[in-house]
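Residue numbers (the numbering used here): 453 to 521.
For every residue, glycine included, the Cβ atom is placed at its ideal position computed from N, Cα and C.
Report on the following structure.
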């Protein structure tokens, strides 16, 4: 049961980071004097790197297996 809870919490991590980052755009714009396009690019870079990590770690886990927790 503990492992299921850990996996569920990790699965909710990516959407949680986006949901906490998007509402803070106006505050970040004001504090750092950044425009909305630049902030959107940072979000895009985060999402692309998250997708690339999945493409890298998935096949590695399939090839060499997963370690028990």
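Nearest to residue i (by Cα), restricted to the options the options
i, options, result
"residue 488", "477, 498 and 506", "477"
"residue 495", "518, 457 and 469", "469"
For residue j and residue i, the rounded distance between their alpha carbons
i, j, result
"residue 511", "residue 483", "41 Å"
"residue 503", "residue 471", "17 Å"
"residue 516", "residue 509", "10 Å"
"residue 467", "residue 498", "12 Å"
"residue 453", "residue 500", "32 Å"
Beta-carbon separation (whole angstroms), residue i vs residue j, contact threshold 8 Å
i, j, result
"residue 474", "residue 481", "Contact flag wrong, Cβ pair sits at about 12 Å."
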